[in-house]
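Reviewing the structure listed below.
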Amino acid sequence: MPVLRWLRRHIIVIAGLLTLAYMILPNIVVMVFSFNKPNGRFNYSWQRFSVDAWKDPCGVADMCGSLSLSLQIAVWATVGATVLGTMIAFALVRYRFRARGAINSLIFLPMAMPEVVMAASLLTLFLNMGAQLGFWTILIAHIMFCLSFVVTAVKARVMSMDPRLEEAARDLYAGPVQTFVRVTLPIAAPGIAAGALLAFALSFDDFIITNFNAGSTVTFPMFVWGSAQRGTPVQINVIGTAMFIIAVLVVLAGQLIANRRKNSARP
Amino acid sequence: MSVTQEAPPAPAEELKVRKPSTRKRLVPYWLLLPGILWLVVFFALPLIYQGSTSVQTGSLEKGFEVTWHFQTYWDALADYYPQFVRSLLYAGTATILCLLLGYPLAYLIAFKAGRWRNLVLVLVIAPFFTSFLIRTLAWKTILADGGAVVDVLNTLHVLDVTSWLGWTESNRVLATPMAVVCGLTYNFLPFMILPLYTSLERIDGRLHEAAGDLYATPATTFRKVTFPLSMPGVVSGTLLTFIPASGDYVNAELLGSTDTKMVGSVIQTQFLRVLDYPTAAALSFILMAVVLIAVTVYIRRSGTEDLV
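Just so you know, the protein sequences line up as chains H and F, in that order.
Take 1 as the starting number for the first sequence in the working numbering and just add one per residue.
Take 1001 as the starting number for the second sequence in the working numbering and just add one per residue.
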């Protein structure tokens, strides 16, 4: 049976592509249903084609406000977590000091903890301190849970760096600042960028920790959550589709730039 | 006394040399200070607070007091063990499914994709940037009663079998355990695929050739060479899937019913709606302990301790 033989030969490719289809299927559904004209409040079944939602993406009360709030929080959380995380990563890779083991576990633990546990305990702290829940408590929480992921990403890159490059720079009379800015930072940049990208995605998409510590402030994921009960406007699918397309374009552009750089580096 | 007097004073030059080295020794501590302080104040300290909350008694009106009332833990377990067992069961099933589904795709990207590799990787990463809540809501449409998926499964008599097993109800998938596990698997697949891909990509292709030269069949090569070498990816992938899945309540709430509630949902309700802080704190402490113990045992057993 040639068909069976062909199947056996390509079993991995077929299984892999099926998984890929499983992963993209919801994105396609989101895209298709962004052109739907639903009959009631819920956009769960196909009625008829319409581009109304695309013409008026902010036509739903409070949705774009929550979107811009999420973007702001994500940007600041990325900045905070990337700066703090990069510093920790450099300290951990480059220096030998006491308490290294303890610090390593303190970095690992937030990643090994269900989100709901961190969310609940942070809320306990805020309630005990009498803190006003809102923008600042969300930001504090986001920097906290993004930090470990940045450290891990940057650490991996710094560990694979050749320390002789920095020695060479020093031998050529570069000062410590010059060495860091001209040599160390450019080499570590991909790791830092990966950490920052991860932090942005994690912060922008976070629901569980935000839900506990936001008070009455509504971020975009919280808006989506609320709309699942009240009725989902088509505009949510428009935003979801736009995010997917932008993400694909950004990542592809990044890959193209990386490829070109690699090619131009070749003799 | 006499010893210190006899000790010769350190020469001036030596002191000059030593000074910058002390400053240098403090560099790592200055680098660590802000970040570690952040984690101590907003991660470690809250856990301690929560520990103390879990042994308090009282009510919101009268105020809470630490009374070392450990009974809360027993009561919480007695009341909510079905949700606990369910959480671990669902998260475990989703993790196994993620491994079975994710391995071929990671293998495909690492060894077979060729010039398509970047595109496939982008398609794996891109969902990270689309709100996962929106994508989970899309599963409501996909698995809807009378939808294509349910029709196909019904025609193939799959639903008869799964209903008999208690995974679905006859004629429907939505609001059943199967829908929740399907959502969990979907949501955490990238967390499985990326570590798997990283560890597979590191494998030297010549090892496969060598195995072939030694008359190993593809299956034997996989069993004896590829899979053992990908173990770090398997371990970190399963951890990154199981831990968040065990505390998740989004999938259970959106795709499940009251019969599929997970422990995260209970913690959320107790904390934000019922305002029974001790019970909520005790529940999340139990969840934390169970997960940490499971993770530690698992890491020890799989022998990749350097992961931590």
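C-beta: ideal position from N, C-alpha, C; glycine also.
Item	Value
Whole angstroms is fine: what's the gap from F:L1312's alpha carbon to F:F1285's?	With chain F covering only 1001 through 1308, there is no way to say anything about residue 1312 of chain F.
Tell me the DSSP secondary structure of H:N259 in three-state form.	helix
Do F:A1094 and F:L1153 have their C-beta atoms within less than 8 angstroms of each other?	no
Provide the residue span of the beta strand (DSSP E) that contains F:G1058, from first to last.	Q1056 to S1059
Residues of chain F with CB under 9 angstroms from H:Q72, in chain order?	In chain order: nothing, as chain F lies at least about 16 angstroms away.
Indicate the three-state DSSP secondary structure (helix, strand or coil) for F:N1154 in the structure shown.	helix
Could you name the residues of chain H that F:Y1186 contacts, counting a contact when the two beta carbons are closer than 9 angstroms?	Y22, M23, L25 and P26
Would you please state the rounded distance, in angstroms, between the beta carbons of F:C974 and F:M1192? I believe it to be under 8 angstroms.	Lying before the first or after the last residue shown, residue 974 of chain F is absent from chain F, which here runs from 1001 to 1308.
Starting from the beta carbon of H:L252, find every residue of chain F whose beta carbon is closer than 9 angstroms, and list them in chain order.	N1118, L1119 and V1122
Would you list the residues sitting across from F:F1132 in a DSSP beta bridge?	Answer is none; F:F1132 lacks a bridge partner.
What residue from H:V183, H:V51, H:I28 and H:L185 has the CA that sits closest to H:M243's CA?	H:I28
Taking the straight line between their C-alpha atoms, what separation do you get for F:V1017 and H:V158?	At F:V1017, the pLDDT of 46 sits below 50, so the modelled position is not reliable and the matter cannot be decided from this model.
Measure from the C-beta of H:T316 to each C-beta in chain F and report whether the shortest distance is under 8 angstroms.	Only positions 1 to 267 of chain H appear in this structure, which leaves residue 316 of chain H out of reach.
Three-state secondary structure (DSSP) at F:V1173?	coil
For H:P110, collect the residues of the same chain with a Cβ closer than 8 angstroms to its Cβ; drop the 5 residues on either side in sequence, then sort them by chain order.	M118, M144, F145, L147 and S148
Indicate whether H:S70 and H:T219 have their beta-carbon atoms separated by less than 8 angstroms.	yes
Can you name, in chain order, every residue of its own chain whose Cβ lies under 8 angstroms from the Cβ of F:G1147, other than the five neighbours on each side?	T1141
What are the start and end residues of the alpha helix (DSSP H) that includes H:F212?	I208 to N213
My output table needs one value for H:G40: the three-state DSSP class, helix, strand or coil.	coil
Just mark H:I11 as buried or exposed, buried being the case when its beta carbon has 16 or more other beta carbons within 10 Å.	exposed
Does the distance from the C-beta atom of H:S34 to that of H:W54 stay below 8 angstroms?	yes
Quick test of your reading: H:I192 and H:V154, contact by CB under 8 angstroms. State the CB separation rounded to the nearest angstrom.	6 angstroms
State the CB to CB distance for the pair H:A201 and F:F1128, rounded to an integer number of angstroms; the pair is presumed to be in contact (CB under 8 angstroms).	5 angstroms
Please confirm whether H:G195 has its beta-carbon closer than 8 angstroms to some beta-carbon of chain F.	no
For F:L1122 versus H:V248, is the C-beta spacing smaller than 8 angstroms?	Note that residue 1122 of chain F corresponds to Val in the displayed sequence, not to Leu. Yes. Within cutoff.
DSSP has H:G254 in a bridge; who is on the other side?	None; H:G254 has no bridge partner.
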